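J.: The structure that follows is given in the form of structure tokens.
Number of protein chains: 2
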Amino acid sequence: MTPVAASPLTLKLSAFVALSEAELAVLARLHGRRRTFAAGRDMGHQGQPDQAAYILSSGWVCSYKIQPDGTRQIVDFQVPGDFLGLRSVLLRTSDHSFEPIGDIQAAEVLTSDLLEAFVQTPRLAMAILWAASRDEAMVVEHLVGIGRRDADARMAHFLLELGSRLALVGIGSKEGYDCPLTQYHLADALGLSAVHINRVLRQLRESGLVTFRDGRVTFDNYSGLVDFAEFDPAYLDQTGPLLK
Amino acid sequence: MTPVAASPLTLKLSAFVALSEAELAVLARLHGRRRTFAAGRDMGHQGQPDQAAYILSSGWVCSYKIQPDGTRQIVDFQVPGDFLGLRSVLLRTSDHSFEPIGDIQAAEVLTSDLLEAFVQTPRLAMAILWAASRDEAMVVEHLVGIGRRDADARMAHFLLELGSRLALVGIGSKEGYDCPLTQYHLADALGLSAVHINRVLRQLRESGLVTFRDGRVTFDNYSGLVDFAEFDPAYLDQTGPLLK
DNA sequence: CGAACGTTTGAGCATTTTCAAAGGTGGTGG
DNA sequence: CCACCACCTTTGAAAATGCTCAAACGTTCG
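Respectively, the protein sequence lines represent chains A and B.
Using full-length UniProt numbering, the letters of the first sequence map in sequence onto residues 1 to 244.
Using full-length UniProt numbering, the letters of the second sequence map in sequence onto residues 1 to 244.
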């Protein structure tokens, strides 16, 4: 037990690497600059200027791209314990926007702090890069889902993936989890219309697989849902390849 | 002029960073272990064992995931000058498979060589990481395309993106380029059926925008196609953010 | 109370898929 | 050298999946 309560990020990384006292301390220090963002207010990040990354500690965020015709595609969601804009900081590249879903709390991480932390604790750096690589794998899986799964399986897979991610930071289980997304968010993430999302959710509910209602996802039949979605969490699990 | 003819990778990186003699030399050395792979023969990389990355020097490769139900989603194509399996090497992670499209030539890059090169020439490392980040941006754009563009715009955008990538390594222009892909490859990449791919191609051809025939893409009306696809190459261009 | 937002449902329509079949091409072995 | 086979392209017709338009209902918030 460190003096500071375990942050979601700490929980997540600890699931894959045993972190030393020193590493935990550095990690805790990275959480120093607490900031709050209000629901819906876009967090800049479209253009170049503010080069900051964040560690999300509570609330959800989505990263998305708007197309010239006004439609939106959500690329990824960030849940507590996830980094936000890590690539922007490391490579001064920023191609999408971020929207807080509900009010959120995040720790601002300055480039200099991050680089310093990397130098002090290379193993921590490795763990963070690994987390980034996991995010990339999720984007790939998302691509596969949109390209090759029908609407029902897409939704089922998506809800399962979110469940796994949340379970890792202690705010979800095989029973279900709280989920602040609207059906519009789901539509923009899954490449479907909001109307169709509604029908898909009804279908899954009536099949006795999952229920999404009043901000809560309930797995009515977890293993049945896993079968239906052909959900294979291998891409989320990749255990310990970084322990060189 | 170095004694060695400029490789596609050198061409690509040079478009973004002015490389020194020393850096060019290191880059040339990375191209030492030439290997050939035959068309269609899968390049392993599904499981864990062989931890090698490649620099593609001629021919095309696609990286894909197969789903339990047998359908395939192509995540990305690699063209000359692209890295292959870079992430697998750095993070011992490998989630998709590679298929050479036609016979290919690639330089095998051992983890040790790569790390050594990174230590010797940090600027080169930065350039390579930047290229990796660009690949990631392409995957994101691919996701957006599948999620939010209809079949015609999707195809148009895809052909334009490939054109830009090839132009950068000197084997394509606004006139067109040679393209070894079959309509099945296009289908698996764009998340459409092969039959529909054929109809879409006909439609684009009859609109006088692009022609894809006999292994060649011809831009019949480049700017018209750009308009139609709403193609904005910003995500490919990100010039020089890495020159700290 | 009204406004804004999110959910739910119906009906008709559009895009894309599936199934089926035919034609072209290149390579290989007899 | 020809025949055959595998692979790719092309087309039609029917079916399915998901979309758009439209409208109603519920909730929250000021």
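Glycine included, each C-beta is placed from N, C-alpha and C at the ideal position.
Computed from a predicted structure; not experimentally measured.
1. Could you give the DSSP three-state label for residue 166 of chain B: helix, strand or coil?
2. List, in chain order, every chain B residue whose beta-carbon is nearer than 7 angstroms to that of residue 285 of chain A.
3. Taking 8 angstroms as the threshold (beta carbon to beta carbon), is residue 116 of chain B in contact with chain A?
4. Return helix, strand or coil for residue 213 of chain A, following the three-state DSSP convention.
5. Quick one, which of A/191, A/16, A/220 and A/128 has its alpha-carbon nearest residue 66 of chain A's?
6. So, are the CB atoms of residue 137 of chain B and residue 42 of chain A less than 8 angstroms apart?
7. Per DSSP, what are the beta-bridge partners of residue 109 of chain A in this structure?
8. Residue 65 of chain A CB to nearest chain B CB: under 8 angstroms?
9. What's the call for residue 2 of chain B, buried or exposed, on a 16-neighbour Cβ count within 10 Å?
10. Looking at the C-beta of residue 71 of chain B, does it have a partner C-beta in chain A at a distance below 8 angstroms?
11. Just to make sure I have the definition right: I need the residues of chain A whose C-beta is within less than 8 angstroms of the C-beta of residue 99 of chain B. Which are they?
12. Indicate the three-state DSSP secondary structure (helix, strand or coil) for residue 10 of chain B in the structure shown.
13. Which partner residues of residue 61 of chain A appear in the DSSP bridge assignment?
14. Determine which residues share a DSSP beta bridge with residue 172 of chain A and list them.
15. Identify the continuous beta strand (DSSP E) that holds residue 34 of chain A and give its terminal residues.
16. Less than 8 angstroms separating the beta-carbons of residue 187 of chain A and residue 158 of chain A?
17. The alpha helix (DSSP H) with residue 145 of chain A in it runs from where to where?
18. Using a Cβ cut-off of 8 angstroms (strictly closer), state whether residue 222 of chain A contacts chain B.
19. For the alpha helix (DSSP H) containing residue 195 of chain B, name the first residue and the last one.
20. So, does the stretch 17-29 of chain B touch the stretch 226-240 of chain A, judging by three or more C-beta pairs under 8 angstroms?
21. I'd like to know whether the C-beta atoms of residue 57 of chain A and residue 106 of chain A end up nearer to each other than 8 angstroms.
22. Distance, Cα to Cα, residue 74 of chain B vs residue 53 of chain A?
23. Quick check: the Cα distance between residue 210 of chain B and residue 172 of chain B, rounded to an integer number of angstroms?
24. Counting only Cβ pairs nearer than 9 angstroms, list the residues of chain A close to residue 80 of chain B.
25. When DSSP builds the beta bridges, which residues end up paired with residue 84 of chain A?
26. Do you know how far the Cα of residue 68 of chain B is from the Cα of residue 19 of chain B?
27. Please check if any C-beta of chain A sits within less than 8 angstroms of the C-beta of residue 151 of chain B.
28. Using the three-state DSSP reduction, which class does residue 73 of chain B fall into: helix, strand or coil?
29. Suppose contacts are defined by Cβ-Cβ distances below 8 angstroms. Is residue 152 of chain A in contact with residue 217 of chain A by that definition?
30. Using the three-state DSSP reduction, which class does residue 219 of chain A fall into: helix, strand or coil?
31. Output, in sequence order along the chain, the residues in the UniProt domain "HTH crp-type" (149-223) of chain A whose CB is closer than 7 angstroms to any CB in chain B.
32. Quick check on residue 144 of chain A: buried or exposed, where buried means 16 or more other Cβ atoms within 10 Å of its Cβ?
33. Nearest by alpha-carbon distance to residue 110 of chain A: which of A/16, A/223 and A/33 is it?
T.: This is what the structure holds:
1. Here residue 166 of chain B sits in helix by DSSP.
2. Given that chain A is displayed from residue 1 to residue 244, the structure contains no residue 285 of chain A and the question cannot be resolved.
3. Closer than 8 angstroms: no.
4. Shown here, residue 213 of chain A sits in a strand according to DSSP, grouped into three states.
5. Taking only the C-alpha atoms, the option nearest residue 66 of chain A is A/191.
6. In this structure, residue 137 of chain B sits away from residue 42 of chain A, with a CB-CB distance that is not shorter than 8 angstroms.
7. For residue 109 of chain A, which the question treats as bridged, DSSP gives the partners A/53.
8. For residue 65 of chain A, the nearest CB of chain B lies under 8 angstroms from its own CB, placing it at the interface with that chain.
9. Any reading at residue 2 of chain B is ruled out, since the residue's pLDDT is 43, under 50, leaving its predicted position unreliable.
10. At least one chain A Cβ lies under 8 angstroms of residue 71 of chain B.
11. Ordered by position in chain A, no residue passes the 8 angstroms Cβ test against residue 99 of chain B, which lies about 16 angstroms from the chain.
12. The three-state secondary structure of residue 10 of chain B, taken from DSSP, is helix.
13. DSSP output for residue 61 of chain A lists A/78 and A/100 as bridge partner(s).
14. Per DSSP, none; premise fails for residue 172 of chain A.
15. 33-37 is the extent of the beta strand (DSSP E) around residue 34 of chain A.
16. Contact check for residue 187 of chain A against residue 158 of chain A fails: the beta carbons are separated by 8 angstroms or more.
17. Where residue 145 of chain A is concerned, the enclosing alpha helix (DSSP H) stretches over 122-148.
18. With respect to chain B, the C-beta atom of residue 222 of chain A has no partner C-beta closer than 8 angstroms.
19. Run containing residue 195 of chain B: 194-206, per the alpha helix (DSSP H) assignment.
20. With the cut-off at 8 angstroms, the stretch 17-29 of chain B and the stretch 226-240 of chain A do not touch.
21. Remark: C-beta atoms of residue 57 of chain A and residue 106 of chain A approach each other more closely than 8 angstroms.
22. Distance between the alpha carbons of residue 74 of chain B and residue 53 of chain A is about 31 angstroms.
23. Straight-line Cα distance between these residues: approximately 14 angstroms.
24. For residue 80 of chain B, no chain A residue has a C-beta closer than 9 angstroms to its own C-beta; the minimum C-beta separation is roughly 23 angstroms.
25. DSSP output for residue 84 of chain A lists A/54 as bridge partner(s).
26. Approximately 45 angstroms, taken between the alpha carbons.
27. Residue 151 of chain B does not count as touching chain A.
28. Residue 73 of chain B falls in the strand class under three-state DSSP.
29. Cβ distance not < 8 angstroms, so residue 152 of chain A and residue 217 of chain A don't count as in contact.
30. Residue 219 of chain A falls in the strand class under three-state DSSP.
31. Of all residues in the UniProt domain "HTH crp-type" (149-223) of chain A, 191 have a Cβ within less than 7 angstroms of some Cβ in chain B.
32. Counting every other CB atom within 10 Å of its CB across the protein chains shown gives residue 144 of chain A a total of 16 or more, marking it as buried.
33. Its Cα nearest to that of residue 110 of chain A, the residue A/33 stands out among A/16, A/223 and A/33.
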